[in-house]
Amino acid sequence: MKRSLPSRYPDALVCDLETLADAPYEMTAAGVGDLIAAFVSFPDWRLAHLLGMDSSYCASSIALMGPLDEIFRSQASEIHGRTTQG
């Protein structure tokens with residue numbers, strides 16, 4: 029059975045790029061994994077809206093995340109190299 033719980037996105041996200049670049053590789057990989065979850069979260073949000081479970085759905089918010097698949101592919105070596113660009 030599908031269950032949705034009320035939640036909301038944060039108002040802001042502040043990241044220190046040097047700290048992120050110096051983080052252990054496992055933490056970097058986990059962070060990328062968390063971002064990949066966005067591929068599921070937006071369709072899940074839309075489905076909840078279509079089923080009448082969430083009236084807050086906003087299609088334009090998807091655009092704020094950008095094309096994550098393209099970003100990850102183009103930055104894969106930088107992410108793996110743990111650069112501030114990655």
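Under the numbering used here, the first residue of the sequence shown carries the number 29, and numbering increases by one thereafter. No residue lacks a Cβ here, since even glycine has one placed at the ideal position from N, Cα and C. Being a predicted model, the structure only gives us computed values, none of them experimental.
Separation of residue j from residue i, as counted between CA atoms
i      : j      : result
Ser35  : Thr111 : 32 Å
Tyr37  : Ala57  : 22 Å
Leu33  : Gly109 : 37 Å
Arg101 : His77  : 30 Å
Ile99  : Leu79  : 31 Å
The alpha helix (DSSP H) enclosing residue i, as first and last residue numbers
i      : result
Thr56  : Tyr53 to Ile64
Arg101 : Leu96 to His108
Own chain, CB closer than 7 Å to residue i, minus 5 neighbours either side, in chain order
i     : result
Phe70 : Ile90
Simplified DSSP state of residue i, which is helix, strand or coil
i     : result
Met93 : helix
Asp44 : coil
Pro71 : helix
Same chain, Cβ closer than 8 Å to residue i, neighbours up to 5 away in sequence not counted
i     : result
Asp82 : Ser32, Trp73 and Ala76
| request: Kindly confirm or deny that the stretch 45-56 and the stretch 93-104 touch, where touching means at least three C-beta pairs closer than 8 Å. | output: no
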